[in-house]
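One structure is given here, and the rest of the page talks about it.
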Amino acid sequence: MNPRTTIGPLPAPVFDQYLRLDVPAGTFLDACPCCGSAPELWQYQKGEDASASKAVMCSLGEPIGPQGFLSNEGCPLYLPCDDFYHSTIREAAKYWNEYACALTTVRDLNTRKGGQEQAVLQEQPWVRKEERTLVLLMLVGGHDVTPEAIAGWTDTECQQAEEWAMREHLHASDNDEVERVPMPACVKAHPQQAKPLAAGVDHLWER
Ligand SMILES: [Zn+2]
Numbered sequence: 005m006n007p008r009t010t011i012g013p014l015p016a017p018v019f020d021q022y023l024r025l026d027v028p029a030g031t032f033l034d035a036c037p038c039c040g041s042a043p044e045l046w047q048y049q050k051g052e053d054a055s056a057s058k059a060v061m062c063s064l065g066e067p068i069g070p071q072g073f074l075s076n077e078g079c080p081l082y083l084p085c086d087d088f089y090h091s092t093i094r095e096a097a098k099y100w101n102e103y104a105c106a107l108t109t110v111r112d113l114n115t116r117k118g119g120q121e122q123a124v125l126q127e128q129p130w131v132r133k134e135e136r137t138l139v140l141l142m143l144v145g146g147h148d149v150t151p152e153a154i155a156g157w158t159d160t161e162c163q164q165a166e167e168w169a170m171r172e173h174l175h176a177s178d179n180d181e182v183e184r185v186p187m188p189a190c191v192k193a194h195p196q197q198a199k200p201l202a203a204g205v206d207h208l209w210e211r
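With this note's numbering, the residue at position 124 of the sequence shown is 128, and numbering never jumps.
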């Protein structure tokens, strides 16, 4: 049985309820990064006394291609993993949008790896999206750029940072034909801080 079609509480002791919620005005949700379907907002309650959590999930519950005989058909994000469940709508929406941005960014990157770099670059005009800038920078490291720092960057600086991070990432993953470019000044302004050494692990070396 598809748990999201459950109507009302199941007989005790089983209580596993999904309730569709309206998306509050002003809340933007990205399309499903897996299949492009519209997202939906749901409330989930595991036990009668349990607190309700919220999750944004894909709306595509119909079988895809050869799928069949499964209890959970549809898009992989139709019933996503526990990470998507949060105590507030705001947190659930934030997680969904960040995940969608990260997944599409990684997919675009991998599309470019197949020698299609130019095609992808030319097809899509650059639009500022600070989440994507951050995701790309997180793929390469070597800096401590924060979302707040990116918010203060110009469009040109965001583009330079993305270009640098993409090239670093592609080069590091065996795409030798991708030329590296110098770290742009806006990234360089946030050098990676050395992490403090963990306390109380001296015994590791006392053998
Ligand atoms: Zn989907």
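Glycine included, C-beta positions come from ideal geometry on N, C-alpha and C.
Give a single yes or no on whether residue i has its beta carbon closer than 6 Å to a heavy atom of ligand 1.
| i | result |
| --- | --- |
| LEU64 | yes |
| LEU33 | no |
| CYS36 | yes |
| CYS162 | no |
| CYS105 | no |
| PRO41 | Going by the sequence as given, residue 41 is Ser instead of Pro. Yes; taking the cut-off as 6 Å, the Cβ of SER41 has a heavy atom of ligand 1 nearer than that. |
| CYS4 | Nothing can be reported for residue 4, as the shown portion of the chain is limited to 5 through 211. |
Would you decide whether residue i is buried or exposed? Buried here means 16 or more other CB atoms lie within 10 Å of its CB.
| i | result |
| --- | --- |
| GLN21 | buried |
| LYS133 | exposed |
| CYS85 | exposed |
| ALA96 | buried |
| ARG94 | exposed |
| PHE32 | exposed |
| LYS192 | exposed |
| ARG111 | exposed |
| GLY78 | buried |
| ALA59 | buried |
Quick one: what's residue i bridged to in DSSP?
| i | result |
| --- | --- |
| ARG24 | TRP46 |
| PRO195 | HIS147 |
| HIS90 | LYS58 |
Are the C-beta atoms of residue i and some chain E residue less than 7 Å apart?
| i | result |
| --- | --- |
| CYS38 | Here chain E cannot be found, since the structure has a single protein chain. |
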